[in-house]
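To keep things clear, I will list the structure first and then write my remarks on it.
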Amino acid sequence: MLALGIDPGTAICGFGFVESRGSRLIPRAYGSIFTSPKMKMEDRLMKIYDELDALIKKYKPDVMGVEKLFFNRNVTTAIPVGQARGIVLLTAAKNGLRLVERTPMQIKQDVTGYGKADKKQVIYMVTKILNLPEPPKPDDTADALAIAICTTHCLNSISWRNEL
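Position 111, counted from 1, in the sequence shown is what my numbering calls 101; the numbers after and before it change by one each time, with no gaps.
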């Protein structure tokens, strides 16, 4: 099974493809889609859609994992992230992908064993779990890989298979 993890954002939208083969997790491709703050918002969203759509068509994932929105402080960043997340969900729907949504705490719990892990702990565990030669950069890419790892674990659990 090939899972695509997405960390949505309008400036940086992280992505990571992780293949699950039995108990092994294999990174297939990962990176980030970058947009310029000089671009109009609609052009930034179109770029995210176009590049994500091309990645999905190239790698043909079985499922997409995306982080549920959770903002308790900065509403100003919540709106553009929500817009990018909408584009991500639209792209999944247009490509017929199953969607797995998890909270940041669920993702951290799954990847590190601690729901309140910091960014360094998540990056460290993603690097170790996927046997990467170096930590993925930027952080958005590491987050996307963590989401993909969590997605594979969700779909490999008996309760999730029964729900989907």
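Cβ coordinates follow ideal geometry from the N, Cα and C atoms, glycine included. Computed from a prediction, not measured in an experiment: that's the story for all the values here.
Residue i - DSSP class collapsed to helix/strand/coil
i: P17; result: strand
i: C144; result: helix
i: A107; result: coil
i: G76; result: helix
i: L122; result: coil
i: P128; result: coil
i: L135; result: helix
i: T93; result: coil
i: L35; result: helix
i: K58; result: coil
Cβ of residue i within 7 Å of any chain C Cβ
i: D43; result: Given the protein chain composition of this structure (a single chain), no chain C is represented.
Residue(s) in a DSSP beta bridge with residue i
i: S10; result: L15
i: V53; result: A(-7) and R88
i: S26; result: S26 pairs with nothing; no bridge assigned.
i: G4; result: D(-3) and S22
Supposed contact pair residue j and residue i - C-beta distance, whole angstroms, cut 8 Å
i: P(-2); j: V8; result: P(-2) to V8, Cβ: 17 Å. No contact.
i: G(-5); j: A136; result: 7 Å
Buried/exposed call for residue i, threshold 16 Cβ in 10 Å
i: P27; result: exposed
i: D33; result: exposed
i: T93; result: exposed
i: A44; result: exposed
i: S13; result: exposed
i: K98; result: buried
i: P128; result: exposed
i: D108; result: exposed
i: I139; result: buried
task = Please confirm if the segment 35 to 51 is in contact with the segment 73 to 81, defined as three or more CB-CB distances below 8 Å between the two stretches.
result = yes
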